[in-house]
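In what follows, a single structure is set out as structure tokens and then discussed.
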Amino acid sequence: MNLDMTMFHQAFFEEAGDLLAELENQLLLLEEKPDDTELLNTIFRCAHSIKGGSATFGFTEIAHFTHSLETLLDRLRNGKMQVTHPLSQLLLESLDQLRSLLAAARGETADAPNSEPLIARMEAMLNGVAPVSVAAKAPLPDAAEQEECLRHCVFLIAPGRAVLQQGTDPVALLKHLAAQVSNFTLRCRLSHLPQIEEMNPEECYLYWEAEFDTRLPDTELLDIFEFIADESELAITTVAGIFNGMQETAVPAPEHEHAAETAPPSAPTENAASALAKPEAHTLRVSTEKVDRLINLVGELVINQSMLNEAAQNFHMGRLPQLMEAVAAMERASRELQERVMAIRMLPIKHAFGRFPRLVRDLANACGKKIELKTSGEETELDKTVIEAIADPLTHLVRNSIDHGLETPQERRLAGKPETGVVALHAFHEGGNIVVEISDDGKGLDRERILKKAIERGLIQENEVLPDETIYNFIFHPGFSTAPTITDLSGRGVGMDIVKQAVVGMGGSISLSTTPGEGSCFRIRLPLTMAILEGLSLLVGEEVYILSLTSIVESIRPRSGDLRLIAGTSEVVQVRGEVLPVQRLYQYFGVKPVITDATKGLLVIVEYDGCKVALMVDELIGQSQVVIKSLETNYRKVDGIAGATILGDGRVALIIDVPGLLRNMSRRSQLLSAA
Amino acid sequence: MGKTALIVDDSSSMRQMVGFTLRGAGFTVIEGSNGQEALDKLTAGGGRVDIIITDLNMPVMDGLTFIKQVRTRTLMKFTPILMLTTESQESRKAEGKAAGATGWIVKPFHPEQLLKVIEKVLPA
Amino acid sequence: MTTNNETGALQMGTSADAFQFLTFSLGEEEYGIDILKVQEIKGYMPTTRIPNSPQEVCGVLNLRGAIVPIVDLRRKFHLEPAEYDQFTCIVVVVVQEKVMGIIVDSVSEVMNIAPSDIQPPPNFGYGTTTSALRGMARVNEKLIILLDIDTVLLGENSATAIAA
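Protein chains in written order, with our numbering: chain U, 2 to 676; chain D, 1151 to 1274; chain Y, 83 to 246.
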């Protein structure tokens, strides 16, 4: 059986990733509860599992490193060492090292950093307490040293009485022996049998004498009975020997059981190399429960399908109700199937929250603040792609809260607040969306400083009166940073605009509220998935287009008095005092128009990045969830189009790219005003 | 062969590997991620399997407790139980044996080594 | 495309004696494309127009869930437009992993053409589109223009080219 261990690598990587996350959480908890044995046991188990897996799957570096870590942890959990601050620091560093080693094993990074310095530190830590005598195993008898002569042996095998209760079948072992030697004869001895009334049927009273020829050393023969060696009587007597000076080479000895302890078979290096070469397969672990539900649903779909067939084949008008019913059932099942399939991609948001305890701890240490991290709603589920995409913006916001939001312990004491500040992450469902709130109980945003900066940057006029919300939202403008000093923590002033871009790029939105002296709260609203969009279909001429509902503010039917033509070219509309540019979609998309009089059509007002535009369409058709398909797979990016979707009748409809459209419009109007 | 094996390990990659090996050798494989789950599966599966391969370090119910529990069941009294140990757990072998384990295999091992040990404890 | 006209015919293939071509008509001419590029043939159906696209790309179709661009070969070759009728076909081809459709007047047959029957395309001098031509074949007194469909759809001068 030639087994390719690489086939299990992906499973190992995922598992090791989870174990490391768990390890991290537990290590952080350990700082608070250094004496918690249960905690230490869990930590040990994590390291132990990583070691076992990495050794088995041929990642010797990881196994080697984890072995040292495990030794240290074993000391801790046995109470032979105390958890100290330097020690927990060392453990966290080891965790980072494990991450790097794992990344290298995955092939994400070319080379893993050297583990030896950390191993040396761990050993120093161990030696500092008590000299370690690494349980030196007695060297295995070298099989090659034994005379390779053909011997005639008598082997007495008297198993302990209890071996049956350990699940050992002595006969199986004898068969095993027989298979490895030649000229095998066996005699069963009954002399240990007690009187029948004293006999316990669960015990073994028999013993055997085997006679055979072999070239195997005694150790190897005894090894067959390894599992019962302690309680059994085993004796080999060599009756006769034939020296094999010039004989043909011996039959290759069966593989030695102990090989496992010395070195895994030659596969590892090869495995590691192919792991590097192979790009990581993107996999998703799905609970069997979810899969079972899918299978049920597919079963239902198949039944519906045959009902539908049946109804359609022998169709006459009298059977219309049946047909309609079958269609409706099919629709229900396929809709549910869609939802369930999407649900497969859903992961709890704790996958994104997981990195924060460590981050907060490190940042708190770095800036001398006392911080408590609170999380809630970790089980809220989001599409895997959204989780992956949201991790960085979230990190940025948390850093920002710690760096700019929370005050130092002294400042907090002066302000009459507890010394320890709170950063809270909260995730929950809200109307088909997921909301993630990042809040702190720090000093809040500095309204005056933002205002000053906005005036400096020419975003507003000196004496303009603006609602607070508008002012605070300036922090999302590109290059807008109010931090008086640039710190390591939140980088170089690239900030909120990047966060906003990322969130909007996922089809989400971000808002904030803040109270001076009490703290700030950023709210990120995300779609459950990036593959499905809540869309409004609309008619432009005779073509159907889709607009994302999240970008729509409202739709209105303009009166002729609301519309103006500026400079003879640019059309605008006045909506409740606000003047908005109008884009006739049939012009933008080159559609043969049906309605050219704006008062006969509709204006859909869309917003992106604070800019509003009125898009003129002929008619709204309706709202529905659409599956986003890429145009680029087989064609290419098209100006003003974000993608395509397939309508209920099988036709393709295009999804309007609102941000792209607005960018193009502003570019065009700049060109016009420059001309 | 038509035999059933119960694999108990909290590491899913380990279970995958052992399971794959045993299926390849013709076993029907039942898996449990800890002792308790394995006991439940054992009960649900009719109370008996032909061989058990169990890790020792596991959450909820560890391997030793699991082995002891299995041995209390009449149907499983003589069933071979192999435990997976690591070289750092030499002392565990004796404990395992006392609990009722048939044998052990040391991690890391190659699937072929596992099959060899099974061959040894499981009458064909 | 750096196909040398002299060797164009030789590049058709390597060892086999004959190549299979799907032939179709377009206006007065008969064309052939390598059958291995063809995924399927469908009757004409209306497409969804893509705005801001070259005129030869008449739109996209839903092909079992994939969005597939459709190119009208008449427009591509600057021929007079024709009414789509019951003979009009969409030949779905796979070119460099992209699935695309081409609209042709009608599909004729699958034809075996021996390499010896293929002549290199005529040299029109500089700057012509001959690189999209793999050669000409005369079969049963009919002249068939053999196209390199990759170059037709994705070549540098092509509106559907990836780099565009």
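Each residue gets a CB set at the ideal place from its N, CA and C atoms; glycine is no exception. The structure displayed is predicted, hence computed values, not measured ones.
Neighbourhood of residue i by C-beta, 8 Å cutoff - its chain only, sequence neighbours within 5 removed
i: Y/MET127; result: LEU143 and ILE172
i: U/LYS613; result: VAL554, GLU579, LEU581, ILE606 and VAL607
i: U/GLU379; result: PRO349, ILE350, LYS351, PHE354 and ALA428
i: U/ASP75; result: PHE45
i: U/GLU543; result: VAL592, LYS593 and VAL595
i: D/LYS1191; result: LEU1156, ILE1180, GLU1181 and GLY1182
Contact set for residue i: own chain, Cβ-Cβ below 6 Å, skip 5 residues either direction
i: U/ALA503; result: PRO394
i: U/ARG565; result: VAL573
Cβ-based burial, residue i [other Cβ within 10 Å; buried from 16]
i: U/ILE165; result: Note that residue 165 of chain U is Leu in the sequence shown, not Ile. Burial call: buried.
i: U/ILE525; result: buried
i: U/ARG216; result: buried
i: U/ASN305; result: buried
i: U/ILE657; result: buried
i: U/MET8; result: exposed
i: Y/ASN134; result: exposed
i: U/GLY506; result: exposed
i: D/ASN1184; result: buried
i: U/MET123; result: buried
i: U/PHE244; result: In this prediction, U/PHE244 scores a pLDDT of 49, lower than 50, which makes its location untrustworthy; no coordinate-derived value is stated.
i: D/SER1163; result: buried
i: Y/LEU118; result: exposed
i: U/LYS418; result: buried
i: U/MET318; result: exposed
i: Y/VAL181; result: buried
i: U/LYS630; result: buried
i: U/THR85; result: exposed
Cβ pair residue i, residue j closer than 8 Å
i: Y/GLN201; j: Y/GLY217; result: yes
i: U/ILE472; j: U/GLU463; result: no
i: D/THR1154; j: D/THR1178; result: yes
i: U/ALA173; j: U/TYR208; result: no
i: U/ILE345; j: U/VAL437; result: no
i: D/GLU1269; j: U/HIS177; result: yes
i: U/GLN584; j: U/LEU616; result: yes
i: U/CYS205; j: U/ARG152; result: no
i: U/LEU540; j: Y/THR130; result: no
i: Y/PHE159; j: Y/LEU108; result: yes
i: U/SER549; j: U/GLY508; result: yes
i: U/GLU94; j: U/LEU77; result: no
i: D/GLY1246; j: D/ILE1202; result: no
i: U/THR284; j: U/ILE229; result: no
i: U/LEU28; j: U/LEU92; result: yes
i: D/GLY1253; j: D/LEU1272; result: no
i: U/LEU103; j: U/PHE185; result: no
i: U/HIS430; j: U/THR381; result: yes
Residues near residue i by beta carbon distance below 7 Å, same chain, minus five either side
i: U/ARG320; result: ALA312
i: U/ASP441; result: SER402, GLY406, LEU407, GLY422, VAL423, VAL424, GLY520 and SER521
i: D/THR1236; result: VAL1256 and LYS1257
i: U/ASP112; result: ALA105
i: Y/THR105; result: GLU112, TYR113, GLY114, SER190, GLU191, MET193 and ILE226
Residue i - partner residues in DSSP beta bridges
i: U/MET617; result: U/ARG585 and U/LEU604
i: Y/TYR113; result: Y/PHE106 and Y/ILE227
i: U/ILE642; result: U/ILE657
i: U/TYR609; result: U/CYS612
i: U/ILE384; result: It should be noted that the sequence gives Asp, not Ile, for residue 384 of chain U. Answer is U/MET347, bridged to U/ASP384.
i: U/PHE523; result: U/ILE439 and U/LEU513
i: Y/PRO151; result: Y/VAL142
ask   = How do the region 630-637 of chain U and the region 597-608 of chain U stand: do at least 3 beta-carbon pairs fall below 8 Å, yes or no?
value = no
message = Below 8 Å, how does it come out for the region 436-449 of chain U and the region 512-523 of chain U: are there three or more Cβ pairs, yes or no?
response = yes
query = Should the region 186-199 of chain U be called in touch with the region 228-237 of chain U, which here means at least 3 C-beta pairs below 8 Å?
reply = no
request  = Would you be able to state if there are at least three C-beta pairs under 8 Å between the region 662-669 of chain U and the region 555-568 of chain U?
outcome  = Verdict: no, contact absent.
message = Counting beta carbon pairs with one atom in the region 357-364 of chain U and one in the region 372-387 of chain U, are three or more of them shorter than 8 Å?
response = At 8 Å Cβ cutoff, the stretches touch.
message = With three or more C-beta pairs closer than 8 Å as the rule, is the region 104-114 of chain Y touching the region 220-236 of chain Y?
response = yes
query = Is the number of C-beta pairs between the region 1221-1232 of chain D and the region 59-71 of chain U that are closer than 8 Å three or more?
reply = no
query = Per the contact definition of three or more C-beta pairs closer than 8 Å, is the region 1252-1266 of chain D in contact with the region 162-178 of chain Y?
reply = No contact exists between the region 162-178 of chain Y and the region 1252-1266 of chain D.
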